[in-house]
Each structure stands twice: as C-alpha cells, then as structure tokens.
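In the numbering used here, the protein residues as written are 10 to 332. All C-beta atoms in this analysis are idealised placements derived from N, C-alpha and C, irrespective of residue type, glycine included. Structure record follows, encoded as structure tokens.
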C-alpha cells in the first residue's frame, strides 16, 4: 500500500526576537511571571512588511532542499494557518505563486493550533492514494498580529514562525512498522468555542479582531482531550506509548506538555520542547519543533514520532509518523 512519507523538513523564524523583559515594558508582566506559568523565555515577531506567506515560503524552500526537490516537483500545497495574508485567496495559492510551482492543488486548512496535524492528514488523502506525487504541508502563523497588547494573559504567549514538510508516496506493507503516516485521530467540540477564539471576522464584525482565551479552562481540556486522541491513534495500529521514540507536541505551554506526558506515562526525555524559544506559534509549532530536533540530531530515520495539538474550536488531534 502507499504511505505518505516525510522526505524533507524546513523551518523559518523571523529575525526579530522579543524577550520577556521587552514585553514587561509595554504590559504589566515580568520575566519570572511568564516563565513560571508558561516556560516561555522569548518569541519571534514578523516584520511589518512580512506576510505569513513570506514565512511559509522560506520554510518551504528549506524543506524542498532537504528533500532534494524543486518547486517544479510540487503538485499539492496545503497551508495550515489562522493568519492568512488575505480573506481570499488561500495563502497556499500565494505560496504557490511566490515559489514558482506549476499549476496544481493548493488550499488552506483552518484548525488553529491543531492546523498542522489536520493538514498532514488531509494531504495524506491525496498522497497516500496516489493523487499527488509531491506535496508541501506548511504550518505558518503571524499570531502577534492578533494580540491585544493590554491583555497580559494572552499577549505573552504567542509568536510568529513557519515550518514545512515535503510529503511523497512510498510503497509499504500496511503494517505499523511502515514508514510514513500510519495513524491519526482528529476531534472537534464546537460547544467549547468561547474558551479560545478571535472576536472578529469578515461576516460578523468586518474586522480582524483580537485573540481571547479562558486559559485555565483550555489547560484542563488540553490535558484530558489530547491524551484521549493520542490513545485512540495508538490503538488503531496496535501500538503503545512505549513504542514512541519522540513526542512532538504543539508548543503552547510547558505545563501542558508535562501534564500530557505525565498522564500518558511518557518518558520526559522523549518530549521535544521548543516553547521556551518560540512561544506558541499555533499551526507552525509542531513542524518548527520537528525541524529543531532533526537539525540537532535527536530525531533520525526510522524513528516513530507522535505529534499532537489542541486549538480553538476546540479542535484537537494526534498522528503517528515513522520518519
């Protein structure tokens, strides 16, 4: 059978770094307060003339180079983002144009922080069925554009960045030892919308709006719901948490990362953690963390990766990928 294999990974972070100390000069907070509650030390912020498509393109170029591919090879682009360049067209279409890819399939997925997990499984529907030969799956965000800089409970949490993977079909045996995406579990509970949302939109206020969050409630649902989706993804392919080589969670909050790992009985040394340096980059956080751990040599070919996320909606999900 065909599997969707990750053959290249790339990441991009804007050069402007905003430390906790810098934020303490514009909002009532401190480095100690932010670190104690979130583990975040700094975040990156896109320049005024950088659109989210620009971040996506830079990460895509690096992923293509790692895979030994060129833009001419790409026939599918799926971009996970909450902060698109325009209301329409899709940011994926803009990325296609900026990269110089040929005419093909290009669209966005909007599942907020769960976006990359959603996008990866959607792309698998094309690549894993032979309907795309070389795909780019990108998580890219400019979350700082959605911040209310008077709300210390949210503005300290988010940053900008992008991460991309190249997906290609590989022939495998249909076993849980296969290379590629081997299992996934996605969820949404729209009744929890008010816990994490942006208070604007084209058909309601006609404005972009600002991010609003009930942090304590989100934390509670995150640990419980993420654990459930992980267990469901593992059960589908008769694997256990002990089989996982590396846990790559959405980088929202250090306490959530540790809470989920503890609930699952996962060894702490298997957790890839970048939230301290990147903050919460929403749909970009998983590919950014994946790229970091590949670049520093921790993740190697053949490793079983467990990715998970939870975001506004509430959406959440998990997937298992063997590199």
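Of the choices the options, whose alpha-carbon is the least far from that of residue i?
i, options, result
"residue 266", "249, 295, 242, 252", "295"
"residue 223", "284, 127, 202, 108", "202"
"residue 36", "161, 168, 181, 273", "161"
"residue 293", "26, 178, 65, 94", "65"
"residue 301", "15, 331, 283", "283"
"residue 193", "130, 141, 140", "130"
"residue 262", "143, 47, 319, 31", "47"
"residue 147", "109, 176, 163", "176"
"residue 315", "322, 332, 91", "332"
"residue 225", "217, 190, 264, 208", "264"
"residue 21", "297, 119, 12", "297"
"residue 199", "19, 172, 120, 174", "120"
"residue 109", "54, 53, 67, 154", "67"
"residue 53", "308, 188, 290, 299", "290"
Give me the Cα-Cα distance between residue i and residue j, rounded to the nearest whole angstrom.
i, j, result
"residue 238", "residue 256", "14 Å"
"residue 306", "residue 211", "44 Å"
"residue 253", "residue 247", "12 Å"
"residue 72", "residue 303", "12 Å"
"residue 242", "residue 185", "11 Å"
"residue 197", "residue 317", "14 Å"
"residue 135", "residue 87", "11 Å"
"residue 113", "residue 104", "12 Å"
"residue 170", "residue 59", "11 Å"
"residue 126", "residue 260", "13 Å"
Leaving out five residues on either side along the sequence, give the residues of the same chain with a beta carbon under 7 Å from the beta carbon of residue i.
i, result
"residue 269", "232, 235, 236, 258"
"residue 10", "181, 183"
"residue 250", "243, 273, 274, 275"
Helix, strand or coil for residue i? Go by DSSP, reduced to three states.
i, result
"residue 104", "helix"
"residue 52", "strand"
"residue 120", "coil"
"residue 90", "coil"
"residue 224", "helix"
"residue 151", "strand"
"residue 244", "helix"
"residue 14", "strand"
"residue 158", "coil"
"residue 79", "coil"
"residue 20", "strand"
"residue 58", "coil"
"residue 181", "coil"
"residue 300", "helix"
"residue 315", "strand"
"residue 233", "helix"
"residue 262", "coil"
"residue 29", "helix"
Using the rule of at least 16 other Cβ atoms within 10 Å of the residue's Cβ for burial, across every protein chain shown, is residue i buried or exposed?
i, result
"residue 178", "buried"
"residue 324", "buried"
"residue 24", "exposed"
"residue 106", "exposed"
"residue 77", "exposed"
"residue 96", "exposed"
Starting from the C-beta of residue i, find all residues in its chain whose C-beta is less than 8 Å away, skip the five residues before and the five after it, and write them out in chain order.
i, result
"residue 29", "38, 39, 40, 43, 44, 49, 50, 51, 165"
"residue 156", "163, 164, 167, 219, 220"
Within the same chain, show all residues whose beta-carbon is closer than 6 Å to that of residue i, passing over the 5 residues directly before and after it, in chain order.
i, result
"residue 99", "116, 117"
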